[in-house]
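Same order as they appear, the protein sequences are chains A and B. For reference, each letter of the first sequence is one residue, going 41 to 923 in this note's numbering. For reference, each letter of the second sequence is one residue, going 9 to 135 in this note's numbering. Heads up: the structure comes next, in structure tokens.
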Amino acid sequence: MAPTTTATTAHPPRTIVLVGHGMVGQRFLEALAEHRVTDSARVVVFCEEPRPAYDRMHLTSYFSGTTPDGLSVTPAGFMAEHGIELHVGDPAAAVDRAARTVTSAAGRTVAYDVLVLATGSYPFVPPVPGKDARGCFVYRTIEDVLAIEAYAQGATAGVVVGGGLLGLEAAGALKGLGLRTHIVEFAPRLMPVQVDEGGGAALRRTIGDLGLDVHTGVAGKEIRTDAAGAVAGMELSDGSAVAADLVVFSAGVRPRDGLAREAGLDVGERGGIAVDERCRTSDPAVYAIGECAQAADGRVYGLVAPGYEMAETAAAAIAAGPAPAPPAAPAAVAKTFTGADTSTKLKLLGVGVASFGDALGAADGCLDVVYSDSRAGLYKKLVVDRDGTLLGGVLVGDTDAYGVLRPLTGSVPPVPPEQLVLPPGAGAPAALGPAALPDDAVVCNCHNVTKAAVRGAVADHDCTTVREVEKCTRAGSGCGSCEKVLTALVNDELAARGVAVDTGLCRCFAHTRTELYEIVRVKRISSYVRLLDEHGREEARSGDGCEVCKPAVASILASLAPVIGADGYVLDGEQGALQDTNDHFLANLQRNGSYSVVPRVPGGEITPEKLIVLGEVARDFGLYTKITGGQRVDLFGARVDQLPAIWARLVDAGFESGHAYGKALRTVKSCVGSTWCRYGVQDSVRMAIDLELRYRGLRSPHKLKAAVSGCSRECAEAQSKDFGIIATAAGWNLYVCGNGGATPRHADLLAQDLADDELIRLVDRFLMFYIRTADRLERTSVWLERLEGGLGHLRDVVVGDSLGIAAELEEQMAAHVAHYRDEWAATLADPERLARFVSFVNAPGVPDPSVRFVPERDQVKPDLTLLSGPAIPVRGTLEGAPA
Amino acid sequence: MTTTAYAPARTVLRVEIRTAAGWHPVCDLGVLTPGRGVAALLPDGTQAAVFLGRTGDAYAIGNRDPFTGAYVLSRGLVGSAPSPQGSRPFVASPLLKQRFDLATGRCLDDDEVAVPAYQVRIAEVAA
Ligand SMILES: Cc1cc2nc3c(=O)[nH]c(=O)nc-3n(C[C@H](O)[C@H](O)[C@H](O)COP(=O)(O)OP(=O)(O)OC[C@H]3O[C@@H](n4cnc5c(N)ncnc54)[C@H](O)[C@@H]3O)c2cc1C
Ligand code: SF4
Ligand code: FES
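Below you can see the structure in the form of structure tokens.
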């Protein structure tokens, strides 16, 4: 096939047609705009999907609340600004290369000078009988995800065919939809392309522990259907079968090269439009980029970073005009694409998995360094050369080191490889920081940004935050996996340049929270406005403050209220305007704008009568109920206007606010202790109730959690709490600064064998010292790590009274205890305070129409479809409004 | 707001929002707390979030948080950002904390995003 000869002018083409508006297509358009090609050329885009380009990589985040709009990667106004004609929902149907025209499904015919194909891939569906039954899906587009979500409403189990990266994401989504989820993978391990056998085993164990059923080394043989032709289950190649109502195929993708084939362009043996290093196809007027293209190295890349690079390559080539005779290519055009790194890091079902470089150890004579701890679900392998050059690796369970290790690939790391895989505390030195990276190391793979470029953004472009660096260099705006290393790098660079890192609380205050606490205490300032006008930054005085300092100051004022003589009720006067919405409505805001309600259940002890009341209230108001980890009951789905009626019933039955909405004491969890348990040595329930009643309502820099166990078997998990107490034969052991959650920390033993009153005195001092000195939103675990002198210093202050402030701290706590009032009882008693609990100020009786629910497992869940439209019309509901 | 010589004996200050159909009364000024918002239902069924700044000026923007789809902007915290043109009031969404300029509806944390902004006036009317 003879390629048509190129045009003779060296000017940019007049009409460019892009087929496919996916992630790569959009990046291509942006690159055209950057090269200012859009200023003179007409650009026409055919987009098959019903919406402009969106972030396919984060498709799964739809299930955690990102709306289709939120996924968009097409800046609003972009097309208009650059005069690009975008035909949404109109795919290109044929290309006539001789006439140089593209004709769309809707019948539009556009003549082009340059055609760019960015048609992406389609999911491969293996030819199993029944694959077209109702209930079979693929996982690639927003439409797929919407269809799966809708179909899963009535379903109980699902099968994902394919245990690769996407398969695991899809499985996570099904699991999140409440389905029993099976993963069927033909290879002997999960993620066979990215991880080796050991990593696969660690992954399988962890994913199995999460409650998913993993079937490896088997293939789907046939899909069973019911009488109505819908999916009922799947038979597997080993003779077994699983019951399922839906099947998601995620068995790889194939390049969409059909249009190119029909137009007679060269395609690779295994598919993919063949392109050269400038992304030109066998017809020099036609380019192909992204997943539909087979790159010059003969590979088809299924990742976004290589696609972006191809987009930039093609745009640069087009901007430079038709290539003159080969050797004279100007430097600006010399951008070429010859192959890419396929490193990946992601969180699958909450399990970190990363692989980079030669992860499977394919190179000749390479060696492995492996650390594996199946108990903790950790597996780390580095592949090195004989001379110590890092070739690649696999990390499962803990991927923190990825950001530094990947850029080090191809060089000899500054510390021996075994130290790089050992967990901290196991004799390993401090983790490698970004300082170890050479300047030309690529720290952000998605956008190909080097360490030098990040440093340059700080040094030459005066960026002072990661966000600014992201805006300046694009680093971090792709998959986000480089965030950690980027932050460290930016901070290092700022420190190195002697930029005083501003430690102020926010744009309004140059003081830290601790300093503000002292100012409020010493000067007895009881008003936010006064604090702002007298102690705020010059430019912020007499302003409105901000969302950071308002709740922080509100918390300080509440903590110090008894001492400075302020009113502790958090909703009155100016105080009301400072509170986060949760504190403002004394309930927890949920994703659809409804609130959840958590009454206090001290120590987790509750009478049957009270339990019945909780059930009745939930039933009567249609609330979703769930038992919390803190031994209480969370009632979800209350509209703001229902809160007073709900609480009237609860207060009537003797319940108080549980402060689940506040940065305050949450719960003191307990085991049954010596009263019932044959091992118990103290009455842990009694102690838990005493502590919870003592500290209820205490406002603090962050939430506080506590627990009491009746013996060293530790059934209440006290060592994962901000303060935890474990009974001993002689009294109580006090542990402090533990944490569960995302960054678990074992609590440290502060004092041993304490009598009841000694214990309470130490906890009083500990909590007040924390409230006085911690930063905003700093949990006790982080605070202790930061505290100069660490645990030793803390013990000196709290137990040894080395600062001579113990009596004062105790007094403050005594004042708190004396002034405690139940916030909900106080609210209900005051019509003025109740007035705010309406959905609409101008229609007090009208419920918010966007807060609706649909059934799920015999309860309700938010109807999120109501939130995706631009507006929800309400009819005939304005009667109650004031004229 | 001006007081005319012939003002009725008893008047109240009322907050009104400009919609396509004209000025629409929302509530008495006294109902608003400086630094906080309320939600209001407009005749066409859309929702507006109405705020009062520290110095007593009222603002209204769409109540829907474009990042989550939830109708909650009225429940965010009001703040102000110092800028060359003086300090500009904003509200921070209570869900994911993105900030929106109260006068223009523009998102301060994402150039591409904006919510509708409404004209607001405080009218003196007979009680
Ligand atoms: C769930 C999921 C998770 C992923 N996670 C990652 C990740 O973590 N990291 C990573 O690097 N990659 C990831 N990927 C892959 C990444 O999304 C793709 O590499 C990227 O989207 C490729 O971009 P593209 O523009 O080439 O193709 P696409 O984004 O598929 O866009 C092609 C577009 O062209 C349209 N089209 C096709 N034919 C025509 C026609 N004839 N006329 C008009 N339009 C047409 C298609 O409808 C489509 O909208 C993931 C993919 C999925 C599905
Ligand atoms: S911690 Fe000890 S006392 Fe409490 S339940 Fe467990 S075994 Fe029993
Ligand atoms: S590596 Fe993906 S955003 Fe930086």
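Even for Gly, the Cβ is constructed at its ideal location relative to N, Cα and C.
(Q) Taking the beta strand (DSSP E) that B:Val86 belongs to, which residues open and close that run? (A) On the second sequence, residue 86 of chain B is found 78 positions in, with the first residue counted as 1. From DSSP, the beta strand (DSSP E) with B:Val86 extends over 85-89.
Q) With DSSP run on the structure shown, which of helix, strand or coil describes A:Ile646? A) Mapped onto the first sequence, residue 646 of chain A falls at position 606. In the structure shown, A:Ile646 sits in coil (DSSP, three-state: anything other than H, G, I, E or B).
(Q) If we require 3 or more residues per run, which beta strand (DSSP E) segments fall completely within the segment 476-546 of chain A? (A) 482-484
(Q) For a quick check, are the C-beta atoms of A:His127 and A:Val156 less than 8 angstroms apart? (A) Position 87 of the first sequence holds residue 127 of chain A. Position 116 of the first sequence holds residue 156 of chain A. The answer is no: Cβ separation not under 8 angstroms.
**Q.** Chain-ordered chain A contacts of B:Gly64 [CB-CB under 7 angstroms]
**A.** In the second sequence, counting from the first residue as 1, residue 64 of chain B sits at position 56. Those do not exist, as B:Gly64 stays about 12 angstroms from chain A at its closest Cβ, beyond 7 angstroms.
Q: With distances taken Cα to Cα, identify the nearest neighbour of A:Leu448 among A:Asp438, A:Val423, A:Leu462.
A: Reading the first sequence from its first residue, position 408 is the one you call residue 448 of chain A. For A:Leu448, the nearest C-alpha among the options comes from A:Val423.
Q.
Counting only Cβ-Cβ distances shorter than 8 angstroms, please list the residues of the segment 85-106 of chain A near chain B, keeping chain order.
A. Gly105
(Q) Within the continuous alpha helix (DSSP H) that includes B:Gln55, where are the two ends? (A) Sequence index remark: in the second sequence, residue 55 of chain B carries index 47 (1-based). Taken as a continuous stretch (DSSP letters only), B:Gln55 belongs to no alpha helix (DSSP H), being part of the beta strand (DSSP E) at 55-60.
Q: Report all residues from its chain with a CB closer than 8 angstroms to the CB of A:Ala923; omit the five preceding and five following residues, and keep chain order.
A: As a working note, residue 923 of chain A is residue 883 in the first sequence. Low local confidence applies: a pLDDT of 30 at A:Ala923 is under 50, so the model's placement there is unreliable, with the coordinate-based value given in what follows. For A:Ala923, where only same-chain residues beyond five positions count, there are no Cβ hits under 8 angstroms.
Q) Starting from A:Ala858 and walking both ways along the alpha helix (DSSP H), at which residues does that stretch end? A) Working through the first sequence from its first residue, we reach residue 858 of chain A at position 818. Counting along the chain, the alpha helix (DSSP H) containing A:Ala858 begins and ends at 846-859.
(Q) For a cutoff of 8 angstroms on Cβ pairs, would you count B:Gly38 as touching chain A? (A) What you label residue 38 of chain B is simply residue 30 of the second sequence in a count that begins at 1. Output row for B:Gly38: interface = no.
Q: Return the chain-ordered list of same chain residues with a C-beta closer than 7 angstroms to the C-beta of A:Arg54, the five sequence neighbours on each side being excluded.
A: Looking up residue 54 of chain A in the first sequence gives position 14. Once the five neighbours on either side are set aside, the close Cβ partners of A:Arg54 are Ala81, Arg82, Asp153.
Q.
So B:Ile25 and B:Leu50 are supposed to be a Cβ contact under 8 angstroms. How far apart are they, rounded?
A. Reading the second sequence from its first residue, position 17 is the one you call residue 25 of chain B. Reading the second sequence from its first residue, position 42 is the one you call residue 50 of chain B. At roughly 7 angstroms, the Cβ-Cβ gap stays under 8 angstroms, so B:Ile25 and B:Leu50 are in contact.
Q) Using the C-alpha atoms, what's the distance from B:Val123 back to A:His859? A) As a first step, residue 859 of chain A is located in the first sequence; it is residue number 819 there, counting from the start. As a first step, residue 123 of chain B is located in the second sequence; it is residue number 115 there, counting from the start. Looking at the two C-alpha atoms, the distance is approximately 43 angstroms.
Q: Answer yes or no: the CB of A:Glu523 versus the heavy atoms of ligand 1, is any distance below 7 angstroms?
A: For the purposes of this step, residue 523 of chain A is taken as residue 483 along the first sequence, with counting starting at 1. A:Glu523 Cβ: outside cutoff for every heavy atom of ligand 1.
Q: Examine chain B for any beta-carbon lying closer than 8 angstroms to the beta-carbon of A:Val886, and answer yes or no.
A: Translated into the one-based positions of the first sequence, residue 886 of chain A becomes position 846. At least one chain B Cβ lies under 8 angstroms of A:Val886.
(Q) Ignoring anything shorter than 3 residues, give me the beta strand (DSSP E) runs that lie fully in the segment 199-229 of chain A, in order along the chain. (A) 220-225
Q) Near A:Asp573, what residues of its chain come up, given a Cβ to Cβ distance below 7 angstroms and the 5 sequence neighbours on each side ignored? A) Sequence index remark: in the first sequence, residue 573 of chain A carries index 533 (1-based). Closer than 7 angstroms at the Cβ level, and outside the excluded window around A:Asp573, lie Arg581, Ser582.
(Q) Given this structure, state the Cα-to-Cα distance separating A:Ser144 from A:Gln334, to the nearest angstrom. (A) Here the question's residue 144 of chain A lines up with position 104 in the first sequence. Here the question's residue 334 of chain A lines up with position 294 in the first sequence. Distance between the alpha carbons of A:Ser144 and A:Gln334 is about 24 angstroms.
Q: Work out the CA separation of A:Gly516 and A:Gly175 for me, nearest whole Å.
A: Mapped onto the first sequence, residue 175 of chain A falls at position 135. Mapped onto the first sequence, residue 516 of chain A falls at position 476. Going by the C-alpha atoms only, they are around 37 angstroms apart.
Q) Using 8 angstroms as the limit for Cβ to Cβ distance, is A:His61 near chain B? A) Mapped onto the first sequence, residue 61 of chain A falls at position 21. Output row for A:His61: interface = no.
Q) Checking contacts by CB at 8 angstroms: is B:Glu120 closer than that to chain A? A) For the purposes of this step, residue 120 of chain B is identified with residue 112 of the second sequence, where counting begins at 1. Interface residue, yes.
Q. Can you tell me whether B:His32 is buried or exposed, with buried defined as 16 or more other CB within 10 angstroms of its CB?
A. In the second sequence, counting from the first residue as 1, residue 32 of chain B sits at position 24. By the 10 Å Cβ count, B:His32 comes out buried.
Q: Just the chain B side, please: which residues come within less than 9 angstroms of A:Gly585 by C-beta, in chain order?
A: The sequence position of residue 585 of chain A within the first sequence is 545, counting from 1. The contacting residues are Gly43, Arg62, Leu85, Val86, Gly87, Ser88.
Q) Applying the criterion that 16 or more other CB atoms from any shown protein chain within 10 Å of the CB defines a buried residue, is A:Leu843 buried or exposed? A) Here the question's residue 843 of chain A lines up with position 803 in the first sequence. So A:Leu843 ends up on the exposed side.
Q.
Quick check: does the Cβ of A:Phe86 come within less than 7 angstroms of any heavy atom belonging to ligand 1?
A. Along the first sequence, one-based indexing puts residue 86 of chain A at 46. Yes.
Q.
Taking the alpha carbon of B:Leu40 as the reference point, which residue from B:Ser101, B:Val58, B:Thr54 has its own alpha carbon closest?
A. Residue 40 of chain B sits at position 32 when you count from the first residue of the second sequence. That would be B:Val58, whose Cα lies nearest to the Cα of B:Leu40.
(Q) Taking the beta strand (DSSP E) that A:Trp772 belongs to, which residues open and close that run? (A) Numbered from its first residue, the first sequence carries residue 772 of chain A at position 732. Here the beta strand (DSSP E) through A:Trp772 covers 771-776.
Q: Flag B:Phe75 as yes if its beta-carbon sits less than 8 angstroms from any beta-carbon of chain A, otherwise no.
A: Translated into positions along the second sequence, residue 75 of chain B becomes position 67. Yes, B:Phe75 counts as interfacial toward chain A.
Q) Going straight from the alpha carbon of B:Arg72 to that of B:Thr27, what length do you get? A) The count along the second sequence starts at 1 and reaches residue 72 of chain B at position 64. The count along the second sequence starts at 1 and reaches residue 27 of chain B at position 19. Computed Cα separation, rounded: 16 angstroms.
Q: Assess, as a yes-or-no matter, whether the segment 523-535 of chain A is touched by the segment 769-789 of chain A under the definition of 3 or more beta carbon pairs within less than 8 angstroms.
A: no
Q: Count the C-beta pairs between the segment 113-128 of chain A and the segment 83-102 of chain A that are closer than 8 angstroms, then say yes if the count reaches three, no if not.
A: yes
Q: For A:Thr100, verify whether its CB is less than 7 angstroms away from any heavy atom of ligand 1.
A: Position 60 of the first sequence, counting from 1, holds the residue named residue 100 of chain A. Yes, the Cβ of A:Thr100 comes within 7 angstroms of a heavy atom of ligand 1.
**Q.** Residues, ordered as in the chain, of the segment 868-893 of chain A that lie near chain E by beta-carbon distance below 7 angstroms
**A.** Absent from the structure: chain E. Protein chains present are A and B.
**Q.** Counted within 10 angstroms of its Cβ, other Cβ atoms place A:Thr458 as buried (16 or more) or exposed
**A.** As a first step, residue 458 of chain A is located in the first sequence; it is residue number 418 there, counting from the start. For clarity, residue 458 of chain A is Glu in the given sequence; the question names Thr instead. Answer is exposed; the Cβ neighbour count stays below 16.
Q | Closer than 8 angstroms to chain B by CB, A:Arg570 | A | Position 530 of the first sequence holds residue 570 of chain A. Taking Cβ atoms only, chain B never reaches closer than 8 angstroms to A:Arg570, which makes this a no.
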